[in-house]
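> Its first residue numbered 13, the sequence shown is counted upward by one per residue in this note's numbering. Don't be surprised by glycine CBs; every beta carbon is placed ideally from N, CA and C. Computed from a prediction, not measured in an experiment: that's the story for all the values here.
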Amino acid sequence: MEDLKIIYLDNAATTKTAPEVTEAMLPYFTGIYGNPSSVYSLGASAKKAVMDARDLIASTLGAKSNEIYFTGGGSEADNWALIATAEAYASKGRHIITSKIEHHAILHTCGYLEKRGYEISYIDVDENGIIKLEELKAAIRPDTILISVMFANNEIGTIQPIKEIGTIAKERGIIFHTDAVQAYAHVPISVDEMNIDMLSASGHKFHGPKGIGFLYIRTGIKIKSFLHGGGQERGRRAGTENVPGIVGLGKAAQLAFEHLEERAGKETRLRDYLIKRIGEEVPYCKLNGDAGRRLANNVNYSFRFIEGESLLISLDRKGICASSGSACTSGSLDPSHVLLAIGLPHEIAHGSLRLTVSEENTIEEMEKTVEAVKEIVERLRNMSPLYEDFIKSNKNV
Ligand SMILES: *Cc1c(COP(=O)(O)O)cnc(C)c1O
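1. If F218 sits next to T72, beta carbons under 8 angstroms apart, how far is it from one beta carbon to the other, in whole angstroms?
2. Once the 5 residues before and after H240 are set aside, which same chain residues still bring their CB inside 7 angstroms of it?
3. Please return the same chain residues whose Cβ sits closer than 7 angstroms to the Cβ of T341, not counting the five positions on each side in sequence.
4. Mark D191 as exposed unless 16 or more other C-beta atoms lie within 10 angstroms of its C-beta, in which case mark it buried.
5. Where I208 and S87 are concerned, what is the direct C-alpha to C-alpha distance, given to the nearest angstrom?
6. Give a single yes or no on whether N406 has its beta carbon closer than 8 angstroms to a heavy atom of ligand 1.
7. Exposed or buried, which one is D22 when buried takes at least 16 other CB atoms within 10 Å?
8. With a CB to CB cut of under 6 angstroms and the five nearest residues on each side skipped, what residues in its chain are close to L148?
9. Pull up the distance between the alpha-carbon of K182 and that of A117, whole angstroms please.
10. Hey, would you say the C-beta of I142 is under 8 angstroms away from at least one heavy atom of ligand 1?
11. Compare the C-alpha of S336 against each of I318, K330, R329, A353 and name the closest.
12. Drop a sphere of 10 angstroms on the beta-carbon of H349, count the other beta-carbons inside from all chains shown, and report buried for 16 or more, exposed for fewer.
13. Using beta-carbon positions only, say whether V199 and L211 come within less than 9 angstroms of one another.
14. For C333, which beta-bridge partners are listed by DSSP?
15. Just verifying my parser: in three-state terms, what is the DSSP assignment at N406?
16. In chain order, what residues of the same chain have a beta carbon less than 6 angstroms from the beta carbon of I44, not counting five sequence neighbours either side?
17. Could you tell me if the beta carbon of M162 falls within a distance shorter than 8 angstroms of some heavy atom in ligand 1?
18. Tell me the DSSP secondary structure of L307 in three-state form.
19. Would you mind sorting F41 into buried or exposed? The rule is 16 or more other CB atoms within 10 Å of its CB.
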């Protein structure tokens, strides 16, 4: 493994922390370790750093600084948005609308709420993973309190019509939350233009540190504290601030927004190269997700007669880090709920591969990856009795 140069193509799972980010964080472990709540200046310096990061992040969304609440990552932000809204608005109603392709941080929280007397409607998506707006509208009831639809999907990269969903929610006086963990710091987002009331994001998906993220909560939304204790985060999220994490999150956001178009441009070129070459060179494959409304970094292919896990293991032997349709629930053999929701049959969903690039990847790496995928798919198919039958029956026709 040591002498293999890693080709990292799993940036939807996590990204490499940028050197500028770790450098910005370091002083807050060593010299400036004060508690932001203290009165002495060591604490005040830490407090200032937290405020600066909050201001910067708010500005990237067109939000106010006091609408940004730091959390321990994307999952916490998602849990908080759903559970606290459900509790705060229970007297208005107990109905929530979401989609079938959400991250498990949303879906499993919905399951938790269902056990506590809430009703959840899971809206279908079309074959490209775009939510069916008519179905969404039809699902709205007088007791609907919240719509939660992800900004962009982590498996197939499909970007949802967020502004349209926000408008529908606003017209009917329903709170709109979006899990923007894959989208924030990758695509431009304006919470006002898109009528977003709550938004989740996570540092480690855009070259920031792990275990830090935020929830944007629009002024006027009355949800309460998620973690009880001290008065941090305006009394809504107790616990001494993760100062180095917050500083790193702020730095990562700053870098991302300074280079948003440039990064997206580079990623799009790498992505389109992979999509084109794999599509041309590997027979019996299918691109999953929407060709146009797609994150700049996402490639997701299904290969017939292939087990995704075997493909991943073989790619790993060549130093290529990727993921398959069931990566998030490793150990489970269930195919991805996202691929099933876009209508893939089980056996095809099993043979899927997600490659997510970053601007640091190169065309040479893409070239090596295409060659590796081509070779491995061919080798695995040659060992498959199903593939053999398929080829024979095709010849006989
Ligand atoms: C990664 C991810 C999460 C979870 O974020 P963590 O910071 O890892 O908790 C939630 N939603 C989506 C869409 C993600 O991609």
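Let's see:
1. Going by Cβ atoms, the distance from F218 to T72 rounds to 11 angstroms, so no, they are not a contact pair.
2. Only residues of its own chain outside the window of five on either side were considered, and among them A250 have a CB closer than 7 angstroms to the CB of H240, listed in chain order.
3. Residue placement at T341 is flagged as unreliable, the pLDDT there being 48, under the threshold of 50; a coordinate-derived value is accordingly withheld.
4. buried
5. 18 angstroms
6. no
7. buried
8. I135
9. Roughly 24 angstroms separates the two Cα atoms.
10. Not one heavy atom of ligand 1 sits closer than 8 angstroms to the Cβ of I142.
11. I318
12. buried
13. no
14. Y20
15. Looking at N406 - three-state DSSP - the assignment turns out to be helix.
16. S57, A58
17. Closer than 8 angstroms to some heavy atom of ligand 1: that describes the Cβ of M162.
18. coil
19. exposed
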